[in-house]
Each structure stands twice: as structure tokens, then as C-alpha cells.
Amino acid sequence: MHRFCHGAVLASSLCQVAGVQVREASLSQLGLLQWNIHAECFRACDKTSQHCDAAYPSCQENGTSLLHSLLADRDFAGLEHFDRSLALPDGFDQVQHSCGGAKGFDYPFDLARLVFSSRWRVKRVKGKALPPMGGCMEKVGNETEDYRAFVGQAFVHESGFEVLVVAAHFPHPHGAGDLQILRDALARFKAQTQLDQVLLLADTNEFRSNAEIMGDVDPSARTVTGSDSHITCCYPNYLYPFDRIIASNFPGAEVRTTLPFGAEREHRVPQWAALNMHDPVLTELYLRSGGRRGQLCMTLLCLLWFFRR
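Residues -19 to -1, 1 to 290, numbered by mature numbering (1 follows the signal peptide of the UniProt record, and there is no 0), are exactly what the sequence shown covers, in order.
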């Protein structure tokens, strides 16, 4: 055994003798989900002449049921346009940011949710849990932004691994939106949290590469990787590869992409899909380091504590 390993084992044993517990937590991969179900899924056609579900509440009920199934092994999920009243399964919590809403759930209204597993907790700074960052990126006939929502938060895994996660509904490239708002907010949040590793779960409304998209949001991003580019938008005419899961500053990480509705020639849309619904995207992000940083730090700190008593 390497002498460093002997030291770690000794430290762990000494901690136990001293009555200090060292948590055996490991993080080798992250399960991620991005899904913009679109607001039509939650609208009955008797309330609006267009942009609705003709079979309401079929999309709402089936979409919510599918979401619960997809969340089962996820660490984080970025959700856009799910109804305000969405209930999450046990073991999950959320932060969210909404835009607009002067006309209720009708346009302009946007809601970005960031769902996280109980394996994670919100990062604390100076003893206090950080409030999430959030904002709106587009103006729809108003003086202030009231559309295209984003929300972000910093998290700590039970192993000690830390990451900053953002869920966002991007404006269209040539529309009235301003991605600079998200870029500035993320820069401030990175400085506040002192975190460099970022996960972006987004309906990007972009044809460009993952690296180009992340570069727009975080110009300091390095070693960008992400989900495969597939056509995910939108029912009933699928033309656009907009839905992405992108990771920056995870050196050596690998990604596996899964599409629950299938990809391209194998694409099968559920009968309950409503107008403009995007496909959900799942990824597994495999971490090179194995994510045992938290346990190692705890062991070394305990070793120092033991010999300095």
C-alpha cells in the first residue's frame, strides 16, 4: 500500500478512536435532467383560443408523472414552464425564479426551476445559506424584463464536493432578450461563492456548440463538455437542437446522453404531448476524480486535530 494510503487509513482509525466520525461518502457521477415542457401543457383550450392542450389535463397529468419517474436517480434538474403548483417527490427540493405573470400563466410568463436531490445542500457562506441568484432576460412591451427566466444556486454534496448549477430559458439570439444579464449575474455569483465548476441546464434556443454557448454565459469557462446535440424542439414539428446540459471546468469528465423519447429516426412522441413541448434530456456526468474530496479533507483535518490535541 502507498504510504499516503497508510496515512489516510491511520487518520481514519485515529478519528474513530477520538470519537470523531469520518463519513464514507463518494461521488463518481452526476445525474442531470433538462426539460422545457412548455406552458401549453397546463392550459385548457376553453380558456384560450390557442397555445393550449386540447386534451387537458392529459399533458399535465402524464408529464408530471413522467417527471417524477425521471427524477428518481437525478442529482439536479432544470425545468422550464412547469406549473406553479408542481409537487416534487420526496427527497427533492427546489429553487425557482419567475418572470412576468401580469396575465396569470398566459404570455408573458416564464418560470425556471432548479430541482436538487437531498444528497445536496445549499452552500453556506459565513454561516448563512446563500440565497439563489435569479433574473429575467427579455422585455415584452415593458420597461423592465418580464420574460426568459433563469435561476442558479451553489450546492455542497454529502461528500464535500461543491458545484454551481444554473437552470435557464434563453432568449432567441435575434430577439429582444439580453444574455448579458445572466452572464453578469453568474460572474457575481461565482465571485461570491468562490466556485469555478458550473453546470448549465437550459433551453438555449441556440444551434451552436456547447462550448460556444457556455462561453456566452461564462467567458472564463474551460474544458467544456456536455450533452450530445439532438433535435428536441418542439412538438409537433421537431427541427431544433436547443435543449442542452453543459458542464465547465470538470477536467477529464465524460458525458452520456439519454433521450427518453428517442433520437431522430427512433423518436417516438407520447400521445399526450401538447403544443411546443420539448423533449426531456438526461445525462450522466462521470467525474474523473471520483469526488472523494470531501472525505479526504475530513480525514486529513481529523489527523491534524488528533496530533495537535
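Positions of the beta carbon are idealized from the N, C-alpha and C atoms, including for glycine.
Option in the options with minimal Cα separation from residue i
{"i": "G44", "options": "C22, A36 and G108", "result": "C22"}
{"i": "A255", "options": "Q15, K120 and R24", "result": "R24"}
{"i": "V137", "options": "D127, V179 and L167", "result": "V179"}
{"i": "I212", "options": "V250, R129 and L69", "result": "V250"}
{"i": "A204", "options": "N191, C215, S190 and S229", "result": "Sequence inspection shows Thr at residue 204; the Ala mentioned does not correspond to that position. If we check each option's Cα against that of T204, S229 comes out closest."}
{"i": "C214", "options": "H248, A202, M195 and Y88", "result": "H248"}
{"i": "L266", "options": "L163, L181 and Q31", "result": "L181"}
{"i": "Q10", "options": "C33, S201, R237 and A202", "result": "R237"}
{"i": "G122", "options": "A83, S99 and G115", "result": "A83"}
{"i": "I162", "options": "L51, M118 and E193", "result": "M118"}
Bridge partners - residue i, DSSP secondary structure assignment
{"i": "R119", "result": "At residue 119 the sequence reads Glu, which differs from the Arg that was named. Note: E119 sits in a beta bridge opposite Y128 and G158."}
{"i": "V179", "result": "L145 and S229"}
{"i": "F151", "result": "Answer is none; F151 lacks a bridge partner."}
{"i": "K171", "result": "Its beta-bridge partners do not exist; DSSP assigns none."}
{"i": "H138", "result": "W101"}
{"i": "T185", "result": "Answer is none; T185 lacks a bridge partner."}
{"i": "W16", "result": "L60"}
{"i": "T206", "result": "A228"}
{"i": "M114", "result": "G133"}
Contact under 8 Å by Cβ, residue i with residue j
{"i": "L149", "j": "A183", "result": "Strictly speaking, residue 149 in this sequence is Ala, with Leu absent from that position. Yes, the pair counts as a contact, with Cβ atoms nearer than the cut-off."}
{"i": "C264", "j": "I226", "result": "Residue identity check: residue 264 is Thr in the sequence provided, not Cys. Yes, the pair counts as a contact, with Cβ atoms nearer than the cut-off."}
{"i": "V41", "j": "D27", "result": "Reading off the sequence shown, one finds Gln at residue 41, where the question assumed Val. Their beta carbons are not under 8 Å apart, which means Q41 does not touch D27 by this criterion."}
{"i": "H259", "j": "W101", "result": "no"}
{"i": "L92", "j": "H49", "result": "no"}
{"i": "D199", "j": "L160", "result": "no"}
{"i": "L8", "j": "S140", "result": "yes"}
{"i": "A58", "j": "L14", "result": "yes"}
{"i": "D127", "j": "P89", "result": "yes"}
8 Å contact criterion, which residue i and residue j should meet: CB distance rounded
{"i": "D74", "j": "G12", "result": "In fact, because the Cβ distance is near 16 Å, the residues do not count as touching under 8 Å."}
{"i": "V147", "j": "H78", "result": "Wrong, their Cβ atoms sit about 11 Å apart, outside the cutoff."}
{"i": "T185", "j": "F151", "result": "5 Å"}
{"i": "E187", "j": "F142", "result": "No, E187 and F142 are not in contact; Cβ-Cβ is about 29 Å, not under 8 Å."}
{"i": "S208", "j": "V144", "result": "Actually they are not in contact, since the Cβ atoms of S208 and V144 sit about 17 Å apart, beyond 8 Å."}
{"i": "L95", "j": "Q134", "result": "6 Å"}
For this session: With a floor of 3 residues, list each beta strand (DSSP E) that falls wholly inside the segment 215 to 241, ordered by position along the chain.
Result: For the segment 215 to 241, whole beta strand (DSSP E) runs of length 3 or above, ordered along the chain, are 224 to 229 and 235 to 239.
Problem set entry | Complete runs of the alpha helix (DSSP H) confined to the segment 46 to 93 [at least 4 residues] | If you keep only unbroken alpha helix (DSSP H) runs of at least 4 residues inside the segment 46 to 93, you get nothing at all.
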